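So my numbering is basically just the index in the sequence shown, starting at one, shifted up by 20. Using N, Cα and C, we set each Cβ at its ideal position, and we do this for glycine too. These numbers come from a predicted model, not from an experiment.
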Amino acid sequence: MNRAITPPAATNLITVAARLDRLPPSRYLRKLILLLSLGACFEFYDLFFSAYIAPALYASGIFTPTTRGFLGIAGFASFVAALFGGLFVGTLFFSSVADRFGRRSIFSFSLLWYSACTFVMAFQSTAAAINLWRFLAGIGLGVEMITIGAYVSELAPKNSRGEAFAFNQFVSFLAVPFAAFVSAALVPRRLAGLDGWRWVVLIGASGAIFVWFIRRAIPESPRWLEQHGRSEEADRILQAIEVRVRSETGEPLPEPHPAGADLTQRAQASGSLQEIWSKRYRARTLLLTAFHILQPVGYYGFAGWVPTLLLAEGITVTQSLRYTFIIALASPLGPLLGWRFADAFERKWQVSGAALAIAAFGLPFALQRTAFGVVLFGVLITLSSNWMSFAYHTYQAELYPTRIRARAVGFVYSWSRLSTVFSSFVIALFLRNYGTAGVFIFIACSMLMVCLLIGGFGPRTARRPLEEIAR
Numbered sequence: 021m022n023r024a025i026t027p028p029a030a031t032n033l034i035t036v037a038a039r040l041d042r043l044p045p046s047r048y049l050r051k052l053i054l055l056l057s058l059g060a061c062f063e064f065y066d067l068f069f070s071a072y073i074a075p076a077l078y079a080s081g082i083f084t085p086t087t088r089g090f091l092g093i094a095g096f097a098s099f100v101a102a103l104f105g106g107l108f109v110g111t112l113f114f115s116s117v118a119d120r121f122g123r124r125s126i127f128s129f130s131l132l133w134y135s136a137c138t139f140v141m142a143f144q145s146t147a148a149a150i151n152l153w154r155f156l157a158g159i160g161l162g163v164e165m166i167t168i169g170a171y172v173s174e175l176a177p178k179n180s181r182g183e184a185f186a187f188n189q190f191v192s193f194l195a196v197p198f199a200a201f202v203s204a205a206l207v208p209r210r211l212a213g214l215d216g217w218r219w220v221v222l223i224g225a226s227g228a229i230f231v232w233f234i235r236r237a238i239p240e241s242p243r244w245l246e247q248h249g250r251s252e253e254a255d256r257i258l259q260a261i262e263v264r265v266r267s268e269t270g271e272p273l274p275e276p277h278p279a280g281a282d283l284t285q286r287a288q289a290s291g292s293l294q295e296i297w298s299k300r301y302r303a304r305t306l307l308l309t310a311f312h313i314l315q316p317v318g319y320y321g322f323a324g325w326v327p328t329l330l331l332a333e334g335i336t337v338t339q340s341l342r343y344t345f346i347i348a349l350a351s352p353l354g355p356l357l358g359w360r361f362a363d364a365f366e367r368k369w370q371v372s373g374a375a376l377a378i379a380a381f382g383l384p385f386a387l388q389r390t391a392f393g394v395v396l397f398g399v400l401i402t403l404s405s406n407w408m409s410f411a412y413h414t415y416q417a418e419l420y421p422t423r424i425r426a427r428a429v430g431f432v433y434s435w436s437r438l439s440t441v442f443s444s445f446v447i448a449l450f451l452r453n454y455g456t457a458g459v460f461i462f463i464a465c466s467m468l469m470v471c472l473l474i475g476g477f478g479p480r481t482a483r484r485p486l487e488e489i490a491r
């Protein structure tokens with residue numbers, strides 16, 4: 021009788037959200053997140069090989085470590101800025117396509133786009149041409165990362181969303197030591213008539229195609245399907261997930277707990293980018309925008325520049341690549357260490373604490389002159405940065421409803437891309453005028469502001485249903 025009285029749309033919607041949120045941890049869900057995470061590996065590979073191939077780009081005469089003018093195209097800062105300019109365009113202008121056409125299809129298309137553009141970039145020989153194709157590749161990566169974040173948040177149960185993002189980032193960050201190892205092995209060499217740095221780039225381009233085939237095993241997001249009136253398809257996918265999870269646990273699944281009628285109506289409504297400026301979400305949008313202007317200064321200010329910073333301190337190219345590789349080995353450990361604590365502590369305190377740690381460890385790094393000191397503080401900064409990364413990726417995806425999740429996160433996240441474009445030039449300016457110490461003072465100030473913003477004004481999200489957080 022109750023099923024006959026309740027409107028079908030409301031029942032189906034509540035069932036989708038409630039059935040997902042009550043699922044226990046399982047190998048099958050981790051497998052889906054693993055497949056999603058393989059795509060994220062290519063953004064991390066691309067972001068970090070930028071730093072590792074920098075010495076080779078200097079030696080070839082294509083780029084220089086600093087710039088004569090603030091926006092000089094011949095400087096390495098323009099190489100960094102080109103990627104993040106593309107990421108900015110991708111996240112700001114094209115993230116909404118994942119809300120319109122689905123997580124799965126955009127997932128695959130954006131990866132192929134990145135692969136093609138990166139392949140062409142590997143054969144360019146001028147700063148302008150390299151930057152152009154790097155910019156275009158960045159557009160594909162920008163769309164990719166927003167789509168991955170939206171899907172992971174919609175797939176993971178409420179009590180393990182943090183763990184899901186930690187696992188996602190752990191897999192993604194495995195690309196960092198791989199990029200460092202490949203760069204250390206290939207950058208100093210020339211193989212088959214090609215400079216080693218070009219082989220580093222080609223490896224990233226070719227791998228994306230392989231992952232595209234793997235991703236055919238990933239179903240569409242049930243939450244997205246329900247939002248677009250495809251309830252039968254959403255139910256069919258959920259049934260398949262439930263069967264797999266039930267067979268693994270060997271026990272009946274917990275009963276779902278439907279949300280209230282008001283929450284159902286909100287979840288069923290269509291959305292637009294204008295909604296992020298409504299009274300309900302305006303404060304969150306402003307907070308995350310400010311956060312994403314500041315956080316890249318600490319994250320990419322170290323990760324994207326560490327070999328160059330070491331060269332500025334008189335360390336040789338070979339030594340800097342060796343130190344960088346050792347530091348890169350710690351990249352997956354941040355999310356791995358946080359895996360079991362991701363849902364034990366409130367998300368905003370994890371972001372704030374990690375930012376504070378980056379500031380605390382960055383200043384001593386600038387003063388190190390021994391191999392042990394460089395590696396020790398480099399590892400501590402890396403652990404802190406990557407804990408902050410998985411925590412804020414979880415956090416920003418939780419703060420908006422499914423109907424606008426990709427476009428909303430795309431909008432706020434785009435500011436981190438734009439910030440990195442300009443902060444790259446600012447870091448080059450600080451490096452030229454104030455040395456490595458000046459760079460890390462700049463980083464520390466930015467991270468202290470992140471701590472105050474998120475800690476003071478961020479809403480609580482841990483272990484709450486997505487639909488409840490979005491109210």
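Under the three-state reduction of DSSP, which class applies to residue i: helix, strand or coil?
i, result
"LEU383", "helix"
"THR84", "strand"
"ASP363", "coil"
"LEU214", "strand"
"GLY95", "strand"
"PHE397", "helix"
"HIS312", "helix"
"ALA482", "coil"
"ILE238", "coil"
"LEU419", "coil"
"GLU268", "helix"
"TYR72", "helix"
"PRO355", "helix"
"VAL207", "coil"
"TYR301", "coil"
"LEU273", "coil"
"PHE143", "coil"
"ALA176", "coil"
"SER135", "helix"
Could you compute how far the alpha carbon of residue i sits from the alpha carbon of residue j?
i, j, result
"ILE159", "PHE64", "14 Å"
"VAL395", "ARG452", "23 Å"
"ASP282", "THR414", "At ASP282, the pLDDT of 43 sits below 50, so the modelled position is not reliable; the number obtained from the coordinates is stated separately. Between ASP282 and THR414, the C-alpha separation is close to 25 Å."
"LEU33", "GLU487", "Unreliable positioning characterises LEU33 in this predicted model, as indicated by a pLDDT of 43, which lies under 50. A coordinate reading is not provided."
"ARG360", "ARG491", "28 Å"
"ALA225", "GLY162", "16 Å"
"PHE83", "ARG480", "45 Å"
"ALA149", "VAL172", "35 Å"
"ARG304", "ALA212", "52 Å"
"ALA482", "GLY95", "43 Å"
"ASP66", "ALA157", "10 Å"
"GLY110", "TRP244", "20 Å"
"LEU329", "VAL441", "18 Å"
For a quick check, are the C-beta atoms of residue i and residue j less than 8 Å apart?
i, j, result
"LEU52", "LEU43", "no"
"ARG164", "PHE114", "First, the residue type needs correcting, since residue 164 is Glu and not Arg in the sequence shown. The answer is no: Cβ separation not under 8 Å."
"MET141", "ARG154", "yes"
"SER434", "LEU112", "yes"
"PRO75", "VAL220", "no"
"GLU183", "ALA362", "yes"
"PRO242", "VAL36", "yes"
"ALA426", "ILE166", "yes"
"SER267", "PHE69", "no"
"ALA205", "ALA170", "no"
Assign residue i to buried or exposed, taking buried as 16 or more other Cβ atoms, counted over all protein chains shown, within 10 Å of its Cβ.
i, result
"HIS312", "buried"
"LYS299", "exposed"
"ARG302", "exposed"
"PRO274", "exposed"
"GLN259", "exposed"
"PRO272", "exposed"
"ALA176", "buried"
"GLY105", "buried"
"PHE121", "exposed"
"ALA465", "Before going on, a small fix: residue 465 reads as Cys here, not Ala. Exposed: under 16 other Cβ atoms inside 10 Å."
"THR146", "exposed"
"VAL429", "buried"
"SER57", "buried"
"THR138", "buried"
"ILE229", "exposed"
"ASN22", "Bear in mind that a pLDDT of 40 at ASN22, under 50, signals an unreliable position, so the number given afterwards is only what the model happens to contain. ASN22 should be labelled exposed."
"LEU40", "buried"
"PHE7", "This structure gives no information on residue 7, because the portion of the chain shown stretches from 21 to 491."
Are there any heavy atoms of the ligand SAH lying less than 7 Å away from the beta-carbon of residue i, as far as the coordinates show?
i, result
"THR440", "Absence of the ligand SAH is noted for the structure shown, with no ligands found whatsoever."
Kindly indicate if chain C contains any beta-carbon less than 8 Å away from that of residue i.
i, result
"ASN179", "Absent here is chain C; the protein component of the structure consists of one chain."
* To do: Evaluate the contact criterion for the segment 201-221 versus the segment 231-243: three or more CB pairs, one atom per stretch, below 8 Å.
  => no
* Decide yes or no for the touch test of the segment 182-197 against the segment 398-410: beta carbon pairs closer than 8 Å, at least 3 of them. => yes
* Does the segment 371-390 touch the segment 305-324, meaning 3 or more C-beta pairs lie closer than 8 Å? -> yes
* Asked: Any chance the segment 461-476 sits against the segment 363-378, with 3 or more Cβ pairs inside 8 Å?
  -> yes
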